[in-house]
Amino acid sequence: MTIKEIELYNFRIYKDSNVIDLSRKDNKNIFIISGRNGFGKTTFLMSMVWCLYGKNMQEVDDLYKKEIADQGGYSKYIVNSLNRLAKAEENYNFHVAITFTDLNIPEVPCKEVTVKRTYNLKTSSNEDVEVLIDGRPNELSREVGPEIFIREFIMPIEIAKFFFFDAEKIVSLAEVNTAEQRRSLSQAYSEVLGIKKYEDLKKELESLQIKLRQDSASAAEKNLLEQLYLDVKKSENEIAEHEATILELREKKSEKAKESRDIQEKLIKAGSLITVEELQALRVQEEELIQKQTDIQNQLKESFEIIPFAIAGGLFVELSNQLNNEAKFKAAQYKEDNAKEVSNKILTELLKIEKPSNLAIDFKVDRFYMDAFDKLIRKYLVSETLDLPADFKVIHEFSESEKNELQTTLSNIQLSFRESFKRINADYNEIRNQLGAIRRKIRDAEANQEDAIIIDFRKQKEDLDKEIIRIDDTIDSLNREIGQFANEKIQKGKQIEVLSRKLAVSEKNKDKYTVTSRLINELKSVISNFKAQKKHSLESQILKGLDTLMHKKGFIQNVDVDIIGEDIDIRLRNARGEEIRKESLSKGEQQMYATALLRGLVEESNIQFPVFIDSPMQKFDEHHAENIVKYFYPHISDQVVIFPLVNKELTAREYAMLLPNISKTYLINNIHEDKSEFVTTDTETFLQTYNTMYNNAD
1 MTIKEIELYN
11 FRIYKDSNVI
21 DLSRKDNKNI
31 FIISGRNGFG
41 KTTFLMSMVW
51 CLYGKNMQEV
61 DDLYKKEIAD
71 QGGYSKYIVN
81 SLNRLAKAEE
91 NYNFHVAITF
101 TDLNIPEVPC
111 KEVTVKRTYN
121 LKTSSNEDVE
131 VLIDGRPNEL
141 SREVGPEIFI
151 REFIMPIEIA
161 KFFFFDAEKI
171 VSLAEVNTAE
181 QRRSLSQAYS
191 EVLGIKKYED
201 LKKELESLQI
211 KLRQDSASAA
221 EKNLLEQLYL
231 DVKKSENEIA
241 EHEATILELR
251 EKKSEKAKES
261 RDIQEKLIKA
271 GSLITVEELQ
281 ALRVQEEELI
291 QKQTDIQNQL
301 KESFEIIPFA
311 IAGGLFVELS
321 NQLNNEAKFK
331 AAQYKEDNAK
341 EVSNKILTEL
351 LKIEKPSNLA
361 IDFKVDRFYM
371 DAFDKLIRKY
381 LVSETLDLPA
391 DFKVIHEFSE
401 SEKNELQTTL
411 SNIQLSFRES
421 FKRINADYNE
431 IRNQLGAIRR
441 KIRDAEANQE
451 DAIIIDFRKQ
461 KEDLDKEIIR
471 IDDTIDSLNR
481 EIGQFANEKI
491 QKGKQIEVLS
501 RKLAVSEKNK
511 DKYTVTSRLI
521 NELKSVISNF
531 KAQKKHSLES
541 QILKGLDTLM
551 HKKGFIQNVD
561 VDIIGEDIDI
571 RLRNARGEEI
581 RKESLSKGEQ
591 QMYATALLRG
601 LVEESNIQFP
611 VFIDSPMQKF
621 DEHHAENIVK
631 YFYPHISDQV
641 VIFPLVNKEL
651 TAREYAMLLP
661 NISKTYLINN
671 IHEDKSEFVT
681 TDTETFLQTY
691 NTMYNNAD
């Protein structure tokens, strides 16, 4: 899949229609779009993310979430996305359109697909999204809806961060501190590696198995199941309502926070103790510390959840042993049943074979060979002897993912929980002190005059800050309730599962149930093998990327990719086999690791999609930058679009290295503060054109 062209119409700084042609030329895969800061490079990247995901663009990456929060929430962001000059001319319509080619949609063979997202400041309450297939609306996109069509056939939102990214910000892939961050990344890894589709299929088959059992339930059992399903649905509705309320509250909080920041700037200017630039620097530090504090608070919450299991100690280990034995018991049972089925089929076939008339075989001989054959079948198909008590019983019926989650928790308690809890607590206290010091600096810089305007500003700011605290408290309360509803849903689901497993499968469903059971077991084997394959290939790809990109050869000797249930963790190791903590790497090394990880994921994903990279050479020294130019950009995708600051993030030497792979180059010409446009340049004279255009502008 490649992008043929992108149109920005009245989107932010791009007045009227601005079309950029990204069709490949001579099989060259790199496109360069450059301009000075503030001319519209990042706006161009954000326009594509907005076109594909609209208000959900905040889910793609923290970069977009922060941009929207800084503008006072999505409702303010979307209103501010209309070009100011167009608004002054009373043209209230803006849109972004992306045309894709070489898409593989099995249901709809086509040459190109266009996604167009439109908003009108006067008439729209929501954005209008249109999907055109070969220039016309299509039944499939209408049937599933444009938003689902985009996620299903173009790019799932969970993995968009790997294809639209700010190279300076991808170090976040190396700074995963909380279980929530790890879960989010694990979901993205699972999606991009293709594991999720197999897991989803297994869950569907397991649900079908439960329904087949429920078909034989008595009237009383059906009533109980119906009530349990209603309880689950009620919990899901409550969670959905709470999440919608939280989204509204976060939007409101962003608005109040922006109003508070604006008033604070006025107070700072009136106080004259620090400049607005110094205030912005303090705010950046404050935001970074708040994010770290939030991460650590999440880690503390997770630790509090684990403490009861740590106290349980021996009982928890017993539970783990029981679950392991249950898994062995079920596997042995499956092999036993399979051996019986195979033996019965073969023996039945043997009995049907007509015996030669000159061969006399009496019943005892016949029986002897039948029994011997049955034993041999069992010997080779049921090879393991279980060391379990004769009266062993399956008690818990945990699913594979539940068992893996429990084992992960137990490993955490046994290996690192105590030291981790101490470190988290110490880090929390240190960050709280640093945050207090920065906030005192900001407060001290605010005006102390007692004139009426300053007093009114201070009162407004205090009211806004109190409102923000109230909103945060409400969000915390709603999140706690969501946790309770989620727990209730899990408990009711468990009751449904336990009750369903007690039900005997009816005769009419026995064949279906047997086939489903066989498919689930086969799928488990496929998933296990697929995960093992992806584990080894991703380890190899990341290590290969690190060896190629980093100039400290041999620093990282091995990469371990641990895939436990739905959790995916990546560990780096030195020559002694010791883990290299990713947070201990320098910023440049973290960016190298994140780049190697991205390369590995894209290679393993089999997803053909263009890669867009903003701030491409930030944090790189000369040697690292050369490796990126030589080995990363030419090979990461069939279409790579980079947005460098020329001379700072892309030197003449680096450009010369890229030139054999450069298809087209564009400069962003800023006509005035409310209008930029794309200018096509010759690839051979791109740098000279850049220097001439901007030197003349000065």
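When you line the sequence shown up against UniProt numbering, it's residues 1 to 698, in that order.
In this text, a Cβ means the ideal position worked out from N, Cα and C, and glycines have one as well.
Since the model is a prediction, treat every value here as computed from it, not as a measurement.
Kindly indicate which residue of the options has the alpha-carbon position closest to the one of residue i.
i	options	result
Val129	Lys122, Thr114, Glu139, Leu121	Thr114
Leu247	Asn358, Lys65, Gln264, Asp387	Lys65
Asp387	Arg136, Asn321, Gln264, Ile133	Asn321
Ile13	Asn29, Lys4, Gly40, Glu241	Gly40
Arg283	Asp295, Ala270, Gln264	Gln264
Ser540	Asn529, Phe530, Asp560	Asp560
Thr118	His95, Leu193, Asn126, Asn138	His95
Glu522	Leu376, Leu205, Lys252, Met657	Leu205
Asn120	Arg84, Ile570, Tyr92, Pro109	Tyr92
Ser663	Phe31, Ile628, Tyr633, Met155	Phe31
Lys292	Lys508, Glu255, Arg432	Arg432
Asn10	Tyr694, Ala88, Glu251, Thr294	Ala88
Glu405	Asp444, Glu241, Gln434, Phe316	Phe316
Glu90	Asp16, Asp70, Lys25	Asp16
Arg213	Lys335, Ile496, Cys51, Asn126	Ile496
Glu191	Leu601, Lys256, Leu52	Leu601
Gln608	Phe153, Phe421, Met592	Phe153
Tyr694	Phe44, Lys675, Asn670	Asn670
Lys531	Tyr198, Glu318, Glu507	Tyr198
Is it buried or exposed for residue i, if we count other Cβ within 10 angstroms and need 16 for buried?
i	result
Gln639	buried
Phe398	buried
Thr514	exposed
Asn18	buried
Phe363	exposed
Ile453	exposed
Gln484	exposed
Asn606	exposed
Thr123	exposed
Asp166	buried
Ile307	exposed
Ile342	It is worth fixing the name first, because residue 342 is Val in this sequence and not Ile. It is exposed - the Cβ of Val342 has fewer than 16 other Cβ atoms within 10 Å.
Leu538	buried
Leu8	buried
Ser528	exposed
Arg599	buried
Gly35	buried
Glu354	exposed
Asp371	exposed
Ala240	exposed
Asp698	Any reading at Asp698 must be qualified, since the residue scores a pLDDT of 49, below 50, and its modelled position is unreliable; no value is offered.
Val679	exposed
Ile628	buried
Give me the DSSP bridge partner(s) of residue i.
i	result
Ser34	Leu667
Phe94	Tyr119
Pro137	Leu132
Ser676	Asn670
Thr681	Thr665
Arg571	Asp560
Phe100	Ile3, Val113
residue 744	No information on residue 744 is available, as it lies outside the stretch 1 to 698 that the chain covers here.
Leu650	Val646
Ile580	Leu572
Give me the Cβ distance between residue i and residue j, rounded to the nearest whole Å; I'm assuming they're in contact under 8 Å.
i	j	result
Val79	Phe164	That belief does not hold up - the Cβ atoms of Val79 and Phe164 are roughly 23 Å apart, past 8 Å.
Leu279	Ile442	7 Å
Ser637	Asn29	7 Å
Ser260	Leu464	4 Å
Thr409	Phe309	6 Å
Ile482	Glu243	7 Å
Okay, do the stretch 224-243 and the stretch 479-499 touch, 3+ Cβ pairs below 8 Å being the bar? yes
Under 8 Å, with one C-beta from each stretch per pair, do the stretch 59-73 and the stretch 644-655 reach the 3-pair mark? no
Cβ contact check for the stretch 604-615 and the stretch 628-647: 3 or more pairs under 8 Å: yes
If you pair each beta-carbon of the stretch 128-148 with each one of the stretch 572-587, do three or more pairs fall below 8 Å? no
With a threshold of 8 Å, are at least 3 pairs of Cβ atoms found where one atom belongs to the stretch 679-696 and the other to the stretch 655-666? yes
Three Cβ pairs or more, each shorter than 8 Å: is that satisfied between the stretch 621-638 and the stretch 532-549? yes
Would you call the stretch 214-226 and the stretch 183-191 touching, i.e. three or more CB-CB distances under 8 Å? no
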